[in-house]
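Under the numbering used here, the first residue of the sequence shown is numbered 15, with each subsequent residue one higher. Here a beta-carbon is modelled for each residue, glycine too, at the ideal position from N, C-alpha and C.
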Amino acid sequence: MVRKANGKWRMCIDYTDLNKACPKDPYPLPGIDRLVDSVAGFTFLSFMDAYSGYNQIRMYPKDEEKTAFITNEGAFCYQVMPFGLKNAGATYQRLMDKIFKGILGEDVEVYVDDMVARSQCMKEHCGALERIFNVLRRHRLRLNPNKCSFGVRAGKFLGFMLTERGIEANPEKCQAVTNVRSPKSIKEVQ
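And the structure:
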């Protein structure tokens with residue numbers, strides 16, 4: 015068990031042997047630079063994160079037994095896609111590309127379980143969100159409300175700070191530099 019940033023626990027299973035035995039899924043993940051560039055500079059942004067994203071995808075029934083693990087209580091296997099599988103990211107991205115096909119690049123950009131809607135006016139933004147929510151509802155996918163923000167002017171996407179001015183330095187990433195104590199002597203400068 016590993017404690018997550020929010021204090022909850024995540025069960026982690028070492029799937030090294032299973033991952034070695036599985037062929038690599040060559041499905042490409044979107045280029046982060048392209049996604050970030052396509053989102054920067056919009057007036058209204060909405061950042062969405064899927065709730066335990068991988069766990070919302072059902073395992074193919076014949077593959078469930080391959081995810082088996084043993085505890086003191088017995089042997090179990092996953093019925094939903096667990097974290098740690100080699101092809102989980104590609105599988106998730108393929109699903110997102112498929113379900114958002116009609117609005118991907120128009121209303122929403124998606125990188126695995128991170129989504130961002132962008133628009134220049136609020137009316138347009140509300141329409142985009144409605145279309146996104148309809149897709150999510152139709153496919154029974156849930157968002158994590160604690161990790162979502164809607165109709166904002168700035169926010170983080172894939173580690174980048176996006177605003178209507180474009181891509182800006184992420185204050186959290188700059189904190190180490192800004193917290194460095196100024197040198198007090200010539201020796202400290204050397």
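Does the beta-carbon distance from residue i to residue j come in below 7 Å?
i	j	result
R167	Y65	no
G180	G55	yes
V122	F171	no
Q107	L49	no
CB-CB under 8 Å to residue i, same chain, minus the five flanking residues each way: which ones, in chain order?
i	result
C135	T57 and F58
V53	L59, E123, V130, R132, F171 and L176
In the DSSP assignment, find the alpha helix (DSSP H) that holds residue i and state where it starts and stops.
i	result
G103	A102 to I113
A35	T30 to A35
E123	Not the alpha helix (DSSP H): E123 falls in the beta strand (DSSP E), residues V122 to Y125.
S52	I46 to V53
I136	The residue asked about is misnamed: residue 136 is Met in this sequence, not Ile. Where M136 is concerned, the enclosing alpha helix (DSSP H) stretches over M136 to R152.
V203	I200 to V203
How many Å lie between residue i and residue j at the Cα?
i	j	result
M15	K115	36 Å
A89	F83	6 Å
L143	R151	12 Å
G67	K100	15 Å
S196	Q189	14 Å
N33	G119	32 Å
Y74	K38	17 Å
K22	G45	31 Å
I200	G169	40 Å
N20	D127	17 Å
V191	P159	32 Å
R145	K18	31 Å
Y41	K76	22 Å
Taking 6 Å as the limit between beta carbons, can you name the residues of its chain near residue i, skipping five residues before and five after?
i	result
F164	S60
M62	M129, L157 and C162
E70	The identity of residue 70 in the sequence shown is Gln, whereas the question assumes Glu. Same-chain partners within the cutoff: L155.
Compare the C-alpha of residue i against each of the options and name the closest.
i	options	result
M95	G88, T105 and G180	T105
D51	E178, D127, A102 and I200	E178
I117	M25, W23, R17 and F147	F147
L109	K201, G169, D47 and V124	V124
T85	H153, G103 and C26	C26
F174	D47, V194, Q204 and V149	D47
May I ask which residues mark the beginning and end of the beta strand (DSSP E) holding residue i?
i	result
T85	F83 to T85
A131	D128 to S133
K80	No beta strand (DSSP E) contains K80, which DSSP labels as neither H nor E.
T177	F174 to T177
V166	S163 to V166
Please tell me whether residue i has its Cβ less than 7 Å away from any Cβ of chain C.
i	result
E78	Looking for chain C here will not work: only one protein chain is present.
Can you find the residues in the same chain that come closer than 7 Å, C-beta to C-beta, to residue i, ignoring five residues on each side of it along the sequence?
i	result
C36	K100 and N101
Y29	G98 and L99
E78	C91, Y92 and Q93
R72	Q93 and V94
I113	V149 and H153
K80	L32
G103	L43 and V126
D111	L118
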